[in-house]
Structures are given as C-alpha cells and as structure tokens.
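Okay, so here's the structure we're looking at.
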Amino acid sequence: MNATRRPPSRPAAAPSRKPPAALDKDQPLIDDIRLLGRLLGDVIREQEGEAAYALVEQIRQLSVAFRLHENHAADKALKKLLKGLSGDQAVSVIRAFTYFSHLANLAEDQHHIRRREVHERAGRSQEGSLAVALKRLHDKQIGNDAVVQTLSRAYVAPVLTAHPTEVQRQSILAAERGIAELLAARDALLEQAQVYAKGQDALTPRELAANEAQIKARVVQLWQTRLLRLTKLTVSDEIENALRYYETTFLTEIPRIYAELEAQLGGAHLHPFLRMGQWIGGDRDGNPFVTADTLATALRRQSEVVLRHYLTEVHLLGGELSMAARLAQVSPAMQALAEASPDQNPHREDEPYRRALTGVYARLAATLRQLTGGEAARHAVSPQNAYATPQAFLADLRTIEASLRQHHGQALIALRLAPLIRAVEVFGFHLATVDLRQSSDQHEAVLQELLATAQLEADYGALDEAARQQLLLRLLNDARPLRVMGAAYSAHTQSELAILETALRARADYGPEALRHAIISHTETVSDLLEVLLLMKEVGLMRGTLDSSSAVADLVVVPLFETIGDLRQAAPIMQAYYALPGIAALWQRSGAEQDIMLGYSDSNKDGGIFTSNWELYRAELALVEVFDTLAASHGIRLRMFHGRGGTVGRGGGPSYQAILAQPPG
C-alpha cells in the first residue's frame, strides 16, 4: 500500500542505514512500515486484482491529503468514494486497512525493541526499565538488601482473562508473531551489513531478499486467513487460547526476568514474588457456561502444560549434563539420586547426572499421568513414583545444582537448570492461580435456598443488613452444615456448591497456589463477604467455627469495589467487616492477607476517567489507613488487585506510569 511501488519481479535492494547517531531515530520505523505496506499492496494486487489495489491506494492517498494537508476537496472526494462502495468493495477495503494497521503495530513494536537496544549500547536505560527503577532506589540510598527484603513480602500477579471484546484469532496472532520475528532478523542482517561494510551500502542483498520473501509469505497467510471467528468460543477454547501464551512467553520469559533482576541486585536470590493468575475457568460472573467441569478442565490443562514443559527441559538437560564420573566428581547426595534412578542402561552407567535425570523424568511422567491422565512423549524407563509436591521435584533439581556448583560445573547451571528451577518455584504443578469470581446476588440466591430448605430463615433476601450479619455470624459459629440430606436443590445452587467443592479437591491435587481467591463482584455490604465465607464453610474450604481458636479459611474472600459509590464505601465496609467478632483472628491464622479488587472499567463508565482515577486514589488511601491499624493489631497485609483492563477506555494505560501514580503507602 505504497504509491511508489517497486515491481514485484525486481529483487529488493538492501537499504542503507547509517549509524544510529547520524540517523533520525524514527527512520528505521518508517522504512519497516513502508516495506510492510509495499508487501501488503503487492499481495492485494495479486490476490484481489489491479482494480482492488487501485481503490485502496486511492482511498489511502485521499486520506493522507486530508490528514496531512487539510485538503477539504480530498475529504469531500473521500466521503463520496466511501459512500459509493459496494458490499464486496467495502469488505476488501476494511480488510486492507485493518491488516495495514496490524502490520504498522508490529513495526512499532520492533522499533521499541530497537530503540531500547540503542539506549543500552549507549549506556542509557529507558524509562520503565528495571535498571532505571533500581537506579532511582539507589539514588534515594535504598540498597539492594532493602529491595530484596521488600520483594520477599511482595506478590505481583498479572491475571489473564477471556474478555468478550477480544476477537483476535490464534491463527492471526501466530502469523503476526512470525512477521515480528522476521523483522527482528532483518534488523540483525542490516546491522551485520553495517559492521562488515564499514559504512558502505549493505552487502547482504541475497539474505535481505530471502527475508522479504518470507515476510511476504506471512502477509499472504494473513490475507487468506479469516479475521473473525464464525462460531462463538467455548470456555474450553478460551482456556486453550490462554495456555498458548504460557507456552510461547511466560514459561521461558518469567525465569529470564528473575535472572535479569537478580543480576542487577548483585546476585541475590529472590523470593518468587512474580507469579501468574488466571480467571478463565473460574470466573462465572455473568457466564453460565463456567461450571465445576470447566474449572476442573482449566486446572487439569494448566497442570499438563507446565508438566510437559518440565519434561522437555529435563530431557534436554539430560542431553547437556553428559559428564562422566571418572572425569568429574559428584556430591554424595547427587550419587544417591543417581543410584535411586531406575535407569539400568549400561551406556549411562558412568554418567550420574544422566541417570539421575532419567529417574527424575520417570517421576515427572508419573506425576503427569496421575494429575492429568496424560502420557509423556518419551519413556527411557516406565513412569513411576510420582512427585507428591513441586517441592519434592525442586529438591532433586537443587541436589543436581549443588553438585555442579561443588565440582566446577557452575557454568552449566545458568544454561537450563537455573531457569528450570525458577520455573518450578513460580509455576509449581498448577501453572497459574485460578481465581473464583461470582456476583454477590448469586451468592445471596444460593443462601436464600439453603436457609429456606433448612427452615432457618424463610426469606433471607428480605432481611435488612443488620439482621443478615447477625444470622450469618450465628451460622458461622455453628458446626452443622446447612444442606439437608435428600433435599432437591435448584441447578443453580448445586452448580455453585460444586464449583467450591471442585476448588477444595483441586487445592489438594495441585497445591494451595492453584486457587487462592474468591472474588465477589458488586460488593456493596459486609454481608456480601460473610455469605461467601459461609458457603466456603459449607464445602470445607473453611474449617472450624468462627468463634474457635483453630478456624482457618483456604481462600481469601476478595471484595470487588466497582462503581464510584462502591469505591467510596470500600474503607467503611472493610473496617466494619474486620470489627466483627472472630474475623480478624480468622484471617490472621489463614495467611494474614486481605486482597481487595478495585474496578477501573465500571468506575470509568460510572463517573468518567478523571472522576474514576480520583476516587480510586482516595479509596486506596482510605484502605491503607484501615489496614495500617489491622497490620499493627493482627499483622494482616493489604494487597490491591487492580482491574485495569487493556485500553484507556477500559481504565488501562502504561503500567509503569500507573504504578508510579499509586498513592503513598
């Protein structure tokens, strides 16, 4: 989509890029956008014909003339042209400009990476980088030890969710990832040409032409791939879509982030404060298709993804740690791990690390089978002796690490073993913490039926707030369950209780990090929190009565304050909740943590972006004040869950700026 188009038959010349210091910083971006636009134009001409290409070009030129030069004649001509388009022409034009926007975004992403590398080579760091953040702390005389200590108490968890406005298909995303990788490879070719040519024209026309042909192939793939789905996604589809991000990004990149941060902190080992969260499979607010079965599916598939990642890494690690015992000693613990392995292959008899890792692989394969029903891809020995916990797996990896460190093998640790150890610390056997979420009115409906059937309260919904709190506290102090044996409950009540029962089993299977939060949408009263606590008690997620000294709760009950009115009531509600007898002591025994979710999207809709941000700021300050007192009396920590969304319209924006904008405390 470029007026000065080069004929397709003519090979692309290698563009000459001057050294960054002598070059306008945005020229490489302009070059990439022109390249991608030209290739898209070539594809449109080949796929749709000359007339379609000419129409798109005419619209582009009229748009540029009006946008850049305020040519009102061009504006008038453009409007007339657009109004006269046939249906097929309109679809073709929409697709052309949509794909051009996608390609331009890819070029901008690559330019951000390019500019960051230029800054790093010059010894400068970009705003928002770890280096800049740590430098500011050091400038304030905050040393590495203080940072490490603070991070040991921190919990940072980006949370993935399946939002109904998300329409991108995985096929489109995969093609765009391919183009992004090819743009990065093109940059490397151009940089290599500059190094070897010492300022002359680039000397790699063949490689650049091949790179351009590969990019064009991906553009053809995009053009012939549907932008939109023809059928609605199921919850299972949404789960699989989210898991692809772990496979392509998080499983490898999060360990790399830890390694980078630890290096900048002088080599200190960091507590695994950065983890991942997930709503898909557990968020049933407004989605009747989320059930106990979808929750079980989400947890099982998450476990399968992370365990298969571990299996692959252990297999590759076994290929790398080929050291012979006669050439490199091992620690007694490492030797014991090798001897415990069922691997009897004589070719590995003198290779203790490989023998040990064959045993580790067999145990992981058994864990995969036990937790997910899946089979490992390779079987040097049969699966056996499954790991009971991620910590047991981690202990074996630590044994290998310690032996390497003690016997001159520390250079091998950073390649694969250290990232694998960090991955196990972060992802466990669960991959990501799945949050449960439901609207407060749905919890109320379940309790209405349970209480009426048990003849404890005929019309719970008609009670005022004081009466509700009194009743709920009395029931939380009663060891008896609410359900009546043999009673026929509605499908809704059965479904809600089944979700909680599945959560109880899942925590036993995958570990306590698999599920940590029960989020209440539309929290407006103290009773909204007590209702969830009572439902947790009903299924065993809370054990003991509220007035006992041993009662504990497995899930943090998390209020979500969404509207402007809710935000203004957030601190008073939490203060009244913790003033109730037994509540503060319960949460002190149950982890001493209170998460509170703040709604950016609904508060934006309710009051506008300025009012929303101001009320969020005020609510946070008020909550900090409440929990300063609770921290002093019961050691209970406040953690904020920011429901920021992805765009400015939904309350988003640059995360780094949002973090800096947080109020004191």
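Under our numbering, think of the first position of the sequence shown as 536, with each following residue one higher. Beta carbons: idealized from backbone N, C-alpha and C, even for Gly. Quick caveat: nothing in here was measured; it's all calculated off a predicted structure.
Asked	Found
Whole-angstrom C-beta distance between T1028 and L985, which should lie under 8 Å	7 Å
Counted within 10 angstroms of its Cβ, other Cβ atoms place P823 as buried (16 or more) or exposed	exposed
Touch test, the stretch 1024-1038 against the stretch 942-959, Cβ-Cβ under 8 Å, three pairs minimum	no
Contact between the stretch 879-898 and the stretch 914-931 (3+ Cβ pairs under 8 Å)	yes
Inter-residue spacing [alpha-carbon to alpha-carbon] between L1090 and A1127	12 Å
Validate contact between the stretch 851-868 and the stretch 786-795 using beta carbons, cut 8 Å, 3 pairs	no
Status (buried if at least 16 other CB within 10 Å, exposed otherwise) for A1086	buried
Proximal residues to I1118 (C-beta, below 7 Å), its chain only, five neighbours per side dropped	Y1112
Below-7 Å beta-carbon distance, I565 vs any chain D residue	The chain inventory of the structure shown lacks chain D, comprising one protein chain alone.
C-alpha gap between R1015 and Q983, whole angstroms	17 Å
Alpha-carbon to alpha-carbon, D722 and E716	10 Å
Span separating the alpha-carbon of P1047 from that of L966	12 Å
Limits of the beta strand (DSSP E) - the one that G1178 falls within	1172-1178
Outcome for L763 when other beta-carbon atoms lying within 10 angstroms are tallied against a minimum of 16	exposed
Terminal residues of the alpha helix (DSSP H) in which D1163 lies	1135-1169
Contact under 7 Å by Cβ, G812 with A689	no
Per DSSP, the bridge partner or partners of D1130	R1174
Residues near L1076 by beta carbon distance below 7 Å, same chain, minus five either side	L1035, A1038, L1039, A1088, D1089, L1090
N- and C-terminal bounds of the alpha helix (DSSP H) containing S938	925-941
Sequence-distant residues of its chain with Cβ nearer than 8 Å to V563 (five each side left out)	Note that residue 563 corresponds to Pro in the displayed sequence, not to Val. Excluding positions up to five away in sequence, the list reads R552, H646, R649, D722.
For G1075, three-class secondary structure by DSSP	coil
For P1198, three-class secondary structure by DSSP	coil
Contact set for P542: own chain, Cβ-Cβ below 7 Å, skip 5 residues either direction	Interpretation of P542 is limited by its pLDDT of 38, a score under 50 that renders its predicted location unreliable; the figure taken from the coordinates is listed afterwards. Excluding sequence neighbours, P542 sits near nothing in its chain.
Contacts around R940, its chain only, beta-carbon distance under 8 Å, and the 5 residues preceding and following it disregarded	I948
The stretch 1007-1014 contacting the stretch 959-976, beta-carbon criterion three pairs below 8 Å	no
Proximity to I815 [Cα-Cα], best of F808, Q837, P807, I1055	Q837
Residues that A1001 bridges to, as DSSP identifies them	The partner list for A1001 (beta bridge, DSSP) is empty, contrary to what the question assumes.
Burial state of F1176 (16 or more Cβ within 10 Å)	buried
Given P954 as reference, the closest of H844, A989, D976, H882 once Cα atoms are compared	H844
Cβ neighbours of A980 in the same chain (closer than 7 Å, five flanking residues each side left out)	H1027
For T1164 and L1133, the rounded distance between their alpha carbons	21 Å
Residues bridged to G812 [DSSP beta-bridge criterion]	V694, T968
Cβ-based neighbour list, S974, same chain, cut-off 6 Å, excluding 5 preceding and 5 following	D820, S1056, H1057
Through-space distance from G1100 to K670, alpha-carbon basis	40 Å
Three-pair Cβ contact test at 8 Å for the stretch 589-598 versus the stretch 608-625	yes
Short Cβ contact (7 Å threshold) for A921 with Q905	yes
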